[in-house]
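Asker: Going line by line, the protein sequences match chains L and Z. Take 90 as the starting number for the first sequence in our numbering and just add one per residue. Take 14 as the starting number for the second sequence in our numbering and just add one per residue. The structure follows.
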Amino acid sequence: KAGVTQTPRYLIKTRGQQVTLSCSPISGHRSVSWYQQTPGQGLQFLFEYFSETQRNKGNFPGRFSGRQFSNSRSEMNVSTLELGDSALYLCASSLKGAGSPLHFGNGTRLTVT
Amino acid sequence: LAKTTQPISMDSYEGQEVNITCSHNNIATNDYITWYQQFPSQGPRFIIQGYKTKVTNEVASLFIPADRKSSTLSLPRVSLSDTAVYYCLVGGIQAAGNKLTFGGGTRVLVKP
Chain L
90 KAGVTQTPRY
100 LIKTRGQQVT
110 LSCSPISGHR
120 SVSWYQQTPG
130 QGLQFLFEYF
140 SETQRNKGNF
150 PGRFSGRQFS
160 NSRSEMNVST
170 LELGDSALYL
180 CASSLKGAGS
190 PLHFGNGTRL
200 TVT
Chain Z
14 LAKTTQPISM
24 DSYEGQEVNI
34 TCSHNNIATN
44 DYITWYQQFP
54 SQGPRFIIQG
64 YKTKVTNEVA
74 SLFIPADRKS
84 STLSLPRVSL
94 SDTAVYYCLV
104 GGIQAAGNKL
114 TFGGGTRVLV
124 KP
C-alpha cells in the first residue's frame, strides 16, 4: 500500500505570496491532518479534515486554510506569506479518527524569503 | 488541553534499554497516548499506542500508570539506527483540534 504522498517536496516563496501544498493520503483513509514543524515551536497541529469537512482546527491565523476533496486528497493554502511561515509542513492520514494512529508523509519544506 | 513534557535529549549505547517518560497531567478521559519516531527529513513514524496499563509490540513497550498522568516508552536493546527524535502525542483526532498535543520531542543518540 502506498504511503502518504506530499508535493512538492521543497518550495521557495517570497513574502506576501501564497502557496498551496498537496497531500494524498493512504488509500481508504478518510482523515487528513496538517502540521507545522519548526525548530522553535516543534510539531503544531493546523487542522484536520474528515469526509471533506474541517473537523478540527489548531491555533493558527486565518491565512492558513485547507480543503479536502471527495477522493480524500487534501490541499493546504497559506496566503500572504511571512518569514515566520518557513517550516516543514507535514500531512498525516488516519483510518477513522479518534485514537487511530497517524501516518505521516515526508513533508514539504517551505522557505519564505 | 493536555500539555505534554518530555526530556529534551538522552544518550545511550548499543544494546542498552532506553526509557523515555512523557508527562501529561491534564490528560482527558478519551485521550490516547501515542509515540512516534522521526528521522531527519522524514515525517514521524508510528511506534506504539496505548490507553492504560502496558502495551507491547515488536519494537517497543509502553507503560501507562493507573492515573495516566505520564507514560514511558521503552526501547529494548537499541541500535545505532534508533538514533532519532521521539514524540509523545496525547489526544484523540475527533476531539477539539488543539487537543492534539505533541510533546517537544526527545532526541535520542545511540552511541557505539
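Glycine included, C-beta positions come from ideal geometry on N, C-alpha and C.
(1) Kindly say whether L/Gly151, judged by its beta-carbon, lies nearer than 8 Å to any beta-carbon of chain Z.
(2) Nearest to L/Glu164 by alpha carbon, out of L/Leu100, L/Ser111, L/Gly105?
(3) Would you report the Cα separation of Z/Thr18 and L/Arg104, rounded to the nearest angstrom?
(4) Z/Gly56 CB to nearest chain L CB: under 8 Å?
(5) With 8 Å as the threshold, decide whether the Cβ of Z/Phe76 is near any Cβ in chain L.
(6) Let me make sure I understand the geometry here. Which of Z/Glu71, Z/Asp80, Z/Phe59 has the alpha-carbon closest to that of Z/Ile40?
(7) Considering just the uninterrupted stretch of the beta strand (DSSP E) at L/Ala176, what are its terminal residues?
(8) Could you work out which residues of chain L lie near Z/Gln19, taking near to mean beta carbons separated by less than 9 Å?
(9) For Z/Val121, does the count of other Cβ atoms within 10 angstroms reach 16, so buried, or fall short, so exposed?
(10) Using 8 Å as the cut-off, can you tell me whether the stretch 122-136 of chain L makes contact with the stretch 171-181 of chain L, which would need three or more C-beta pairs spanning the two stretches below that distance?
(11) For L/Val108, collect the residues of the same chain with a Cβ closer than 8 Å to its Cβ; drop the 5 residues on either side in sequence, then sort them by chain order.
(12) Counting only beta-carbon separations shorter than 8 Å, does L/Asn166 have a partner in chain Z?
(13) Give me the residue from Z/Ala97, Z/Thr47, Z/Phe115 with the minimum Cα distance to Z/Asp24.
(14) Strictly by DSSP, which residues pair up with Z/Val68?
(15) Can we say the stretch 142-155 of chain L touches the stretch 24-35 of chain Z, given the rule of at least three CB pairs closer than 8 Å?
(16) Can you pull the chain Z residues whose beta carbon is under 9 Å from the beta carbon of L/Leu184, in chain order?
Answerer: In short, the structure shows the following:
(1) no
(2) L/Ser111
(3) 34 Å
(4) yes
(5) no
(6) Z/Asp80
(7) 176-183
(8) Here the premise fails: no neighbours, minimum Cβ distance about 10 Å.
(9) buried
(10) yes
(11) Leu100, Lys102, Asn166, Val167, Leu170, Leu199
(12) no
(13) Z/Ala97
(14) Z/Leu75
(15) no
(16) Under the 9 Å cutoff, chain Z gives no residues; its nearest Cβ is about 10 Å from L/Leu184.
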